[in-house]
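A.B. asks:
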Amino acid sequence: KLTVPYQSTKPINIIFNFPISTSALSIKSSSPRAAANSGKFTSLAPLKPYLLSEWQPILCGWICSAISVYSLSKIIPKVGKFSSLMNPPLDVLRLREECLVLGALFVVRLIGNYLQQALLWEAALNCVYKMRVYVFRKVLQRDLGFFEGGSGIAAGDVAYRITAEASDVADTVYSLLNTIVPSSLQLSAMAIQMLVISPVLSLLSALVIPLMGFMIGYLGEKLRDVSNKAQLAVASLSSYLNEILPSILFVKANNAESCESKRFQSLAFADLSATMGKKKLKAFIPQLVQAIYFGVLFTFCTGTLVVSKGSFDCSAMVSFVTSLVLLISPIQDAGKAYNELKQGEPAIQRLFNLTSFEPEETVNPNAVDLHCVAGEVKYYNVSFRYGDNGPLVLKNLDLHIKSGEIVALCGPSGGGKTTLVKLLLRLYDPLQGSVLIDGLDIRGIRLESLRRHVGLVSQDTTLFSGTVAENIGYRDRMTGIDMERVKLAARTASADEFIESLPLSYETNVGPRGSIFSGGQKQRIAIARALYQNPSILILDEATSALDSKSELLVRQALQRLMQNRTVLVIAHRLETVLMAERIFLLEDGCLREVPRSALLDGQNGSLGSLIAIARALYQNPSILI
Ligand code: ADP
Ligand code: MG
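Quick look at the structure:
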């Protein structure tokens with residue numbers, strides 16, 4: 021058995037070896053569901069469970085910051101004392117002693133500072149890691165409608181939210197943690213120092229603080245708006261790239277390079293203006309803080325003159341100035357944290373809005389597991405439409421496929437064939453009526469169990485970058501791929517020959533989206549994948565429509581082997597494929613009609629057009645047929 025190596029996925033402990041429970045990864049925010057009702061998040065509530073799960077590094081980080089601030093508060097009076105010791109006559113012994121104590125305090129301060137930052141970053145990054153894992157898992161649980169455009173969120177946008185925006189959230193979380201305790205501690209310690217030295221001067225200096233708070237608050241709101249705009253602009257840039265780069269062949273074939281680069285330019289320009297606004301505002305805020313800072317110093321200088329009338333103790337003055345300078349930096353930090361918060365809020369909202377929907381499978385406690393499936397499929401009076409107001413794609417449709425039977429479905433494009441398949445895989449639920457497997461409504465079957473027994477080979481074969489074996493044994497990637505079964509499946513699918521001619525045979529990487537293979541080869545790998553899965557019910561959705569005649573023959577032979585001993589629903593455009601079936605149906609305008617097989621056997625040239633024409637004519641049942 022071959023198991024795919026996965027890297028350790030535990031959150032990281034950089035400093036201490038805290039026991040981290042991976043169960044923290046399965047944190048279930050209660051708030052996303054609440055937000056589903058309110059539409060969007062207005063607070064940082066979704067962060068709460070993640071922060072709580074990281075309480076150990078957070079607490080240690082805060083303790084380190086307390087030690088660091090404590091040593092700082094010891095350093096300041098010493099600095100004052102030190103300056104008075106510099107006056108002649110010099111007491112060298114005393115000076116050396118003070119130097120040593122000061123040095124030791126500095127070392128404690130530096131180590132405390134380092135540990136504080138490292139631990140708080142650890143907590144912030146672990147939080148974001150867990151959020152990403154949670155959000156991605158929720159995204160995968162979303163129903164197909166979300167991915168097929170119903171939500172209005174492009175795949176690139178989802179990718180951007182989970183990557184770049186989640187990184188912004190890490191900055192926000194760090195700033196938050198750093199402000200709540202370390203900055204507040206330093207601020208209070210310095211304020212106490214100043215109050216002890218000179219209460220009057222301290223109060224004078226404090227006069228400017230409300231002004232500073234007001235300005236920062238006002239600018240923070242502005243910053244949140246511009247950040248939101250900038251994030252939206254980058255997100256559309258990223259979704260555009262995600263859409264266009266995989267379609268580069270199409271772009272080139274249509275000579276659309278210059279047109280696409282213009283589209284890119286306009287999106288990049290939108291991003292430029294939005295980001296520029298944000299950066300300029302961000303550059304302005306520290307200048308404002310500096311200006312206020314000078315205001316404080318000015319207050320202090322005039323205050324000194326007024327209060328002391330020149331008789332101010334020199335060492336006290338040095339301590340006061342030092343405290344004042346050290347008081348400004350936590351205020352600046354708090355301002356920065358506030359800005360980060362305002363920038364991070366939209367990112368958090370957008371990230372968690374991805375999760376604020378009901379999962380695909382509504383929990384049905386009575387849902388059963390399918391163990392042994394005979395393979396009888398029944399569509400009973402099924403009607404379906406996409407969205408709430410779309411046209412009816414399927415209308416009161418009835419279809420009964422007996423166990424082990426091969427049924428073909430043909431009809432014009434857009435007739436609803438793939439939709440019928442999606443209902444059987446329960447990617448959507450019917451508007452009315454029901455789909456049954458072995459007489460059991462599929463809504464009563466556990467989703468995972470249902471999809472294990474229904475195999476799908478579709479027109480656009482999906483191969484992932486990874487080895488050939490991983491692609492064929494995709495279902496067992498996590499649990500261990502059985503190489504013997506992979507080889508057998510490849511042989512039955514007539515894929516063994518070209519796989520074995522690859523440099524690393526089954527261990528060759530297939531490249532992004534299987535780019536090293538031709539269409540026919542990809543198709544045979546997809547068939548091998550279905551053979552590996554060995555489902556009781558098999559759906560072939562136009563599995564041969566994009567092939568040339570040589571590979572079609574090979575693929576058709578492979579399909580014939582694949583169809584043995586199971587119930588098959590084959591959707592095809594080609595007469596040869598359709599004729600592999602025992603019964604043939606035409607799906608047109610959401611209605612199903614059976615086409616007598618005998619009518620198709622009389623020397624047709626194999627085009628779908630003629631097939632549909634015959635079916636239509638038969639349905640019309642004319643007296644004279646030309
Ligand atoms: P077929 O496979 O027969 O070509 P489909 O089942 O794919 O047809 O589509 C049937 C109809 O449903 C078409 O009119 C198509 O436009 C519409 N349709 C398919 N998928 C979606 C979707 N995700 N959202 C809205 N309409 C859809
Ligand atoms: Mg289709």
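To convert, note that position 52 of the sequence shown is 72 in the UniProt record's numbering; the numbers rise steadily by one, no gaps.
Ideal placement from N, C-alpha and C gives every residue a C-beta, glycine not left out.
1. If you drop the 5 nearest sequence neighbours on each side, which residues of the same chain put their C-beta closer than 8 Å to that of Gly-297?
2. Is Ala-489 near Val-598, with beta carbons less than 8 Å apart?
3. State yes or no: is the C-beta of Ser-433 nearer than 7 Å to some heavy atom of ligand 1?
4. Should Ala-354 go down as buried or exposed, given a rule of 16 or more other Cβ atoms within 10 Å for buried?
5. Using 10 angstroms around the beta-carbon of Tyr-238, count the other beta-carbons present and answer buried if the total reaches 16, otherwise exposed.
6. Tell me which residue opens and which closes the alpha helix (DSSP H) that Ile-173 is part of.
7. What's the gap between the Cα of Asn-107 and the Cα of Gly-123?
8. Can the beta-carbon of Gln-136 be found closer than 8 Å to that of Pro-219?
9. Spatial neighbours of Glu-527 within its chain, please: C-beta separation below 7 Å, excluding the five flanking residues on both sides.
10. Taking 7 Å as the limit between beta carbons, can you name the residues of its chain near Gln-307, skipping five residues before and five after?
11. May I ask you to report which of helix, strand or coil DSSP gives Leu-476?
12. For Leu-371 and Gly-431, I'd like the C-alpha separation in whole angstroms.
13. Any heavy atom of ligand 1 closer than 7 Å to the Cβ of Lys-437?
14. Applying the 10 Å Cβ sphere with the 16-neighbour rule, what's the burial state of residue 14?
15. Please state if the CB of Gly-176 and the CB of Leu-261 are separated by a distance shorter than 8 Å.
16. When you compare the CB positions of Lys-398 and Leu-467, do they come within less than 8 Å of one another, or not?
17. Beta carbon of Leu-115, beta carbon of Leu-105: below 8 Å?
18. Whose CA, out of Ser-187, Gly-534 and Ser-208, lies closest to the CA of Pro-350?
19. Does any heavy atom of ligand 1 sit closer than 7 Å to the C-beta of Val-590?
20. Relative to the alpha-carbon of Gly-395, which residue among Val-155, Ile-557, Cys-84 and Gly-165 has its alpha-carbon at the smallest distance?
21. In angstroms with no decimal places, state the Cα-to-Cα distance between Ala-577 and Ile-426.
22. What number of angstroms, rounded off, separates the C-alpha of Leu-125 from the C-alpha of Ser-195?
23. Please state the DSSP three-state secondary structure of Lys-422.
24. Under the three-state reduction of DSSP, which class applies to Gly-297: helix, strand or coil?
25. Does Tyr-70 come out as helix, strand or coil in the three-state DSSP assignment?
26. Just to confirm the assignment, what range does the beta strand (DSSP E) spanning Gly-453 have?
27. Quick one: what's Ile-591 bridged to in DSSP?
28. What is the DSSP secondary structure of Arg-495, reduced to helix, strand or coil?
29. Span of the alpha helix (DSSP H) holding Ile-547?
30. What are the boundary residues of the beta strand (DSSP E) that includes Tyr-400?
31. Take Gly-459 as the anchor and find which of Ile-421, Val-99, Glu-142 and Phe-518 has the nearest alpha-carbon.
32. Using a 10 Å radius around the Cβ and a threshold of 16 neighbouring Cβ atoms, would you call Thr-499 buried or exposed?
33. Leaving out five residues on either side along the sequence, give the residues of the same chain with a beta carbon under 8 Å from the beta carbon of Asn-386.
34. Cutting at 6 Å between CB atoms, please list the residues of its own chain near Pro-77, excluding the five before and the five after it.
35. Considering Cys-611, what are the terminal residues of the beta strand (DSSP E) in which it resides?
36. When the Cα of Thr-295 is compared with those of Ser-335, Arg-244, Glu-280 and Ser-259, which residue comes out closest?
C.D. replies: The relevant details are as follows:
1. Val-246, Lys-249 and Ala-250
2. no
3. yes
4. buried
5. exposed
6. Segment: none, Ile-173 is in no alpha helix (DSSP H) and carries neither H nor E.
7. 20 Å
8. no
9. Taking C-beta separations shorter than 7 Å and ignoring five residues to either side along the sequence, the partners of Glu-527 in its chain run Thr-487 and Ala-489, following chain order.
10. none
11. strand
12. Here the C-alpha atom of Leu-371 lies approximately 42 Å from the C-alpha atom of Gly-431.
13. yes
14. Outside the displayed span of the chain (21 to 646) sits residue 14, for which this structure offers no information.
15. yes
16. no
17. Closer than 8 Å, so yes.
18. Ser-208
19. no
20. Ile-557
21. In the sequence on display, residue 577 carries Gln and not Ala. Near 15 Å, if we compare the C-alpha coordinates of Ile-426 and Gln-577.
22. 26 Å
23. coil
24. helix
25. Residue state for Tyr-70 is assigned as helix, using DSSP reduced to three classes.
26. 452-457
27. Leu-429 and Asp-561
28. Of the three classes helix, strand and coil, the one that applies to Arg-495 here is helix, per DSSP.
29. Note, Ile-547: alpha helix (DSSP H), 539-553.
30. 397-405
31. Ile-421
32. exposed
33. Gly-464
34. Leu-139, Glu-142 and Ala-143
35. Membership of Cys-611 in the beta strand (DSSP E) is indicated by the continuous run 611-615.
36. Arg-244
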